[in-house]
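Asks: Residue 433 is where the sequence shown starts when you use this note's numbering, and the numbers rise one by one after that. Mind looking over this structure? Questions follow.
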Amino acid sequence: MSKKKVNIFGTTGSIGQSTLQVFRGYKDEYDFIAFSAHDNVDQLIKDCLEFKPQYANIGHEKHFSTLKNALYDTGIILSYGRDALLDLACTKVDWSMSAIVGFSGVEVSLLCAEHSKILALANKEALVCAGKLLLSICKTYNTKLIPVDSEHSAIFQCLAGERRKDLKSITLTASGGPFRNWSLKRMHSATLEEALKHPNWSMGTRITIDSASMFNKSLELIEAMHLFELEFSDVEVIIHPQSIVHSMVNFKDGSTMAQLSLPDMKGPIGYALNYPKRLNIDIENVDFTKIGSLEFYMPDKEKFRSLEIVEQVGRNLDLGVIFNAAKEIALDRFISGEIAFLDMADLVEKTLAESSLINKIAKTPQKISDILEINELTRVIAEKIKF
Ligand code: NDP
Ligand code: MG
Numbered sequence: 433m434s435k436k437k438v439n440i441f442g443t444t445g446s447i448g449q450s451t452l453q454v455f456r457g458y459k460d461e462y463d464f465i466a467f468s469a470h471d472n473v474d475q476l477i478k479d480c481l482e483f484k485p486q487y488a489n490i491g492h493e494k495h496f497s498t499l500k501n502a503l504y505d506t507g508i509i510l511s512y513g514r515d516a517l518l519d520l521a522c523t524k525v526d527w528s529m530s531a532i533v534g535f536s537g538v539e540v541s542l543l544c545a546e547h548s549k550i551l552a553l554a555n556k557e558a559l560v561c562a563g564k565l566l567l568s569i570c571k572t573y574n575t576k577l578i579p580v581d582s583e584h585s586a587i588f589q590c591l592a593g594e595r596r597k598d599l600k601s602i603t604l605t606a607s608g609g610p611f612r613n614w615s616l617k618r619m620h621s622a623t624l625e626e627a628l629k630h631p632n633w634s635m636g637t638r639i640t641i642d643s644a645s646m647f648n649k650s651l652e653l654i655e656a657m658h659l660f661e662l663e664f665s666d667v668e669v670i671i672h673p674q675s676i677v678h679s680m681v682n683f684k685d686g687s688t689m690a691q692l693s694l695p696d697m698k699g700p701i702g703y704a705l706n707y708p709k710r711l712n713i714d715i716e717n718v719d720f721t722k723i724g725s726l727e728f729y730m731p732d733k734e735k736f737r738s739l740e741i742v743e744q745v746g747r748n749l750d751l752g753v754i755f756n757a758a759k760e761i762a763l764d765r766f767i768s769g770e771i772a773f774l775d776m777a778d779l780v781e782k783t784l785a786e787s788s789l790i791n792k793i794a795k796t797p798q799k800i801s802d803i804l805e806i807n808e809l810t811r812v813i814a815e816k817i818k819f
């Protein structure tokens, strides 16, 4: 049997590294085609030496000579920069992991959807910013889209073998992040360091802060609407501090199905790789007697305003690209110390209210060039909002 061809974009990130862990031990069964990183050239070199992909791309030109010097005798075809990255995403493969963080991963995800038989999608921004386009590409090219985000993987697993029309609604669980028990007053002075202390999950910097503000859950709500063809009112968000129940599907007959596992992204990644089979992954099953109790309650939308603001996007999915771009700029400005933690929600709300952006959205059908343009326009506006 010929080996399956695999691409891993965002190899050096948190999801990229968990993906390599899933492949470790089965390396001989796959042909690794393309790996990519942006800045972390040392990790990319290590991964290339271990997995020997055919191609490797580094984002920044300044790291290219380091990459070449380290890998000159390996036969790996090396490149740098965005154009070469997009070319690699056009390689025909069996399975692609799209795990570049943020809007930078959107175009890569769309190209993977066109050129891979299976798209394992971690880059949730692709669905938020270009959900309609991504799903139509998957349909045209008969690509199987398997979500990697743990909540969406849970829903996908709960729906296996079910009739879509029997689904009534879904319940997305959220850990509540490090500020779950903080007062609103205390959150005003939340620091970057405090926002980075996620209680349950180990993830990249940006998604960790998005979890603290619950912007991550807002993105996931939109992600779920696209993936499972749901209305905004069909998706509920609840806090579940233990992060054991990854999400739930509520059926018409009063049954609710949930997927439970310890919080470890190797689970959803392995499911996306082995689907529809379940092969060995090195994760313990949940020991219920050790956990003792699982809690669930409603989020406080005064503290986590993103959950309220996202309703505008839920009612008009075309606003997703504006919401995401504003959120990315808000995050940059919080990380740089320019704005406070709670200002991020204000910035997104003010950006969404910009009538020039709304007009632009209203007249443009979803093409990648439109999405890129609206993303750029939004960033310029969001950068200028004063506090
Ligand atoms: P990380 O920040 O850990 O990794 C991001 C990856 O993308 C790295 O390989 C990074 O390269 C690369 N990258 C960053 N910027 C660019 C750019 N401009 N162009 C090309 N490549 C770039 O992120 P995560 O792994 O945490 O998240 C990846 C995606 O998966 C996100 O969309 C996130 O929302 C989603 N996700 C993550 C989960 C998690 O547990 N981490 C859970 C569910 C979803 P370098 O390392 O060189 O900087
Ligand atoms: Mg998630």
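Every residue gets a Cβ at the ideal spot worked out from N, C-alpha and C, and that includes glycine.
Within its chain, find whatever has a CB closer than 7 Å to the CB of residue 620; leave out the 5 residues flanking it on each side and keep chain order.
Replies: Position 188 of the sequence shown, counted from the start, is the residue given in the question as residue 620. 772 and 774.
Asks: Using a strict less-than 7 Å threshold between each residue's beta carbon and the heavy atoms of ligand 2, what residues do you get?
Replies: 581, 582, 583, 648 and 652
Asks: In terms of alpha-carbon separation, which member of 484, 745, 783 and 779 lies closest to residue 663?
Replies: Here residue 663 is taken as the residue at index 231 of the sequence shown, counted from 1. For the residues 484, 745, 783 and 779, the minimum Cα distance to residue 663 belongs to 745.
Asks: Taking 7 Å as the cut-off, is the C-beta of residue 680 nearer than that to any heavy atom in ligand 1?
Replies: Walking along the sequence shown from the start, residue 680 turns up at place 248. Residue 680: no, Cβ never under 7 Å from ligand 1.
Asks: So, helix, strand or coil for residue 680, using DSSP?
Replies: Within the sequence shown, residue 680 is the residue found at index 248, counting from 1. Note: residue 680 maps to strand in three-state DSSP.
Asks: At a cut of 8 Å, does the segment 457-474 reach the segment 522-540 through at least three beta carbon pairs?
Replies: Yes, since at least three Cβ pairs between the segment 457-474 and the segment 522-540 fall closer than 8 Å, the two stretches touch.
Asks: Just verifying my parser: in three-state terms, what is the DSSP assignment at residue 574?
Replies: Position 142 of the sequence shown, counted from the start, is the residue given in the question as residue 574. Residue 574 sits in coil when the DSSP states are folded into three classes, being neither helix nor strand.
Asks: If you follow the alpha helix (DSSP H) that residue 463 is part of, which residue opens it and which one closes it?
Replies: Within the sequence shown, residue 463 is the residue found at index 31, counting from 1. Counting along the chain, residue 463 falls outside any alpha helix (DSSP H), though it belongs to the beta strand (DSSP E) covering 462-469.
Asks: I'd like to confirm something about residue 517: is its beta-carbon nearer than 7 Å to some heavy atom of ligand 1, or not?
Replies: Reading the sequence shown from its first residue, position 85 is the one you call residue 517. Residue 517 Cβ: within cutoff of ligand 1.
Asks: Taking the DSSP output, what are the residues bridged to residue 601?
Replies: In the sequence shown, residue 601 corresponds to position 169, counting from 1. 682.
Asks: Starting from the C-beta of residue 739, find all residues in its chain whose C-beta is less than 7 Å away, skip the five residues before and the five after it, and write them out in chain order.
Replies: Position 307 of the sequence shown holds residue 739. Closer than 7 Å at the Cβ level, and outside the excluded window around residue 739, lie 646, 649, 650, 669, 731 and 733.
Asks: Is residue 635 near ligand 1, in the sense that its beta carbon is under 7 Å from a heavy atom of that ligand?
Replies: Position 203 of the sequence shown, counted from the first residue, corresponds to residue 635. Residue 635: yes, Cβ under 7 Å from ligand 1.
Asks: Could you pull the start and end residues of the beta strand (DSSP E) that residue 692 belongs to?
Replies: As a working note, residue 692 is residue 260 in the sequence shown. From DSSP, the beta strand (DSSP E) with residue 692 extends over 688-692.
Asks: Apart from the five residues on each side of it in sequence, which residues of its chain come closer than 8 Å, Cβ to Cβ, to residue 729?
Replies: Taking the sequence shown and counting its residues from 1, the one referred to as residue 729 is at position 297. Taken in chain order, the residues that qualify are 670 and 671.
Asks: Could you tell me which of 516, 482, 480 and 509 sits nearest to residue 492, measuring between CA atoms?
Replies: Here the question's residue 492 lines up with position 60 in the sequence shown. Among 516, 482, 480 and 509, the Cα nearest to that of residue 492 is on 516.
Asks: What does the alpha-carbon distance come out to for the pair residue 482 and residue 807?
Replies: On the sequence shown, residue 482 is found 50 positions in, with the first residue counted as 1. On the sequence shown, residue 807 is found 375 positions in, with the first residue counted as 1. The alpha-carbon atoms of residue 482 and residue 807 are separated by roughly 37 Å.
Asks: Tell me whether residue 557 counts as near ligand 1, meaning its Cβ is closer than 7 Å to at least one heavy atom of that ligand.
Replies: Residue 557 sits at position 125 when you count from the first residue of the sequence shown. Yes, the beta carbon of residue 557 sits closer than 7 Å to at least one heavy atom of ligand 1.
Asks: Nearest-angstrom Cα distance between residue 498 and residue 522?
Replies: One-based indexing of the sequence shown puts residue 498 at position 66. One-based indexing of the sequence shown puts residue 522 at position 90. One C-alpha to the other measures close to 26 Å.
Asks: When you compare the CB positions of residue 681 and residue 590, do they come within less than 8 Å of one another, or not?
Replies: Taking the first residue of the sequence shown as 1, we reach residue 681 at position 249. Taking the first residue of the sequence shown as 1, we reach residue 590 at position 158. Between residue 681 and residue 590, the gap from beta carbon to beta carbon is short of 8 Å.
Asks: DSSP three-state call for residue 511: helix, strand or coil?
Replies: Numbered from its first residue, the sequence shown carries residue 511 at position 79. In this structure, residue 511 counts as strand in the three-state DSSP scheme.
Asks: Closer than 7 Å by C-beta to residue 616: which residues in its own chain qualify, once you throw out the five before and the five after it? Chain order, please.
Replies: For the purposes of this step, residue 616 is identified with residue 184 of the sequence shown, where counting begins at 1. Cβ within range, chain order: 734 and 735.
Asks: I want to know whether the segment 749-757 touches the segment 807-818 - three or more CB-CB distances under 8 Å.
Replies: Taking 8 Å as the limit for Cβ pairs, the verdict is that the segment 807-818 does touch the segment 749-757.
Asks: Residue 605: beta carbon under 7 Å from a heavy atom of ligand 1?
Replies: In the sequence shown, counting from the first residue as 1, residue 605 sits at position 173. No, Cβ of residue 605 sits at least 7 Å from all heavy atoms of ligand 1.
Asks: Say yes only if the C-beta of residue 554 is nearer than 7 Å to one or more non-hydrogen atoms of ligand 1, and no if none qualify.
Replies: In the sequence shown, residue 554 corresponds to position 122, counting from 1. Flag set: Cβ of residue 554 near ligand 1.
Asks: Using the beta-carbon count (16 or more within 10 Å), is residue 597 buried or exposed?
Replies: For the purposes of this step, residue 597 is taken as residue 165 along the sequence shown, with counting starting at 1. The residue is exposed, with fewer than 16 neighbouring Cβ atoms inside 10 Å.
Asks: Are the CB atoms of residue 468 and residue 496 nearer to each other than 8 Å?
Replies: Position 36 of the sequence shown holds residue 468. Position 64 of the sequence shown holds residue 496. Contact flag unset, no.
Asks: Do residue 817 and residue 792 have their CB atoms nearer than 8 Å?
Replies: Counted from its first residue, the sequence shown places residue 817 at position 385. Counted from its first residue, the sequence shown places residue 792 at position 360. In this structure, residue 792 does not lie closer than 8 Å to residue 817 by Cβ.
Asks: Please classify residue 711 as buried or exposed, where buried requires at least 16 neighbouring CB atoms within 10 angstroms.
Replies: By 1-based counting over the sequence shown, the position of residue 711 is 279. With fewer than 16 other Cβ atoms within 10 Å, it is exposed.
Asks: Name, in chain order, the residues that DSSP records as bridge partners for residue 551.
Replies: Sequence index remark: in the sequence shown, residue 551 carries index 119 (1-based). The partner list for residue 551 (beta bridge, DSSP) reads 528 and 577.
Asks: At a cut-off of 7 Å, is residue 548 close to ligand 1 when judged by its beta-carbon and the heavy atoms of the ligand?
Replies: As a working note, residue 548 is residue 116 in the sequence shown. No, since every heavy atom of ligand 1 falls outside the 7 Å radius drawn around the Cβ of residue 548.
Asks: Starting from residue 668, follow its DSSP beta bridges and name the residues at the other end.
Replies: Walking along the sequence shown from the start, residue 668 turns up at place 236. DSSP lists 603 as partners of residue 668.
Asks: Let me check you understand the geometry: is the CB of residue 618 closer than 7 Å to at least one non-hydrogen atom of ligand 1?
Replies: The residue given as residue 618 occupies position 186 in the sequence shown. Answer for residue 618: no, Cβ out of range of ligand 1.
Asks: Determine which residues share a DSSP beta bridge with residue 440 and list them.
Replies: As a first step, residue 440 is located in the sequence shown; it is residue number 8 there, counting from the start. In the DSSP output, where bridge partners are listed per residue, residue 440 has 467 and 529.
Asks: Take the Cβ of residue 443 as the centre, count every other Cβ of all protein chains shown within 10 Å, and call the residue buried at 16 or more, exposed below.
Replies: The count along the sequence shown starts at 1 and reaches residue 443 at position 11. Classification of residue 443: buried, given that the 10 Å Cβ count is 16 or more.
Asks: Does the segment 652-662 come close enough to the segment 599-606 that 3 or more CB-CB pairs lie under 8 Å?
Replies: In short, these stretches touch, since the Cβ pair count reaches three.
Asks: Does the distance from the CB of residue 654 to the CB of residue 726 come in under 8 Å?
Replies: Walking along the sequence shown from the start, residue 654 turns up at place 222. Walking along the sequence shown from the start, residue 726 turns up at place 294. No.
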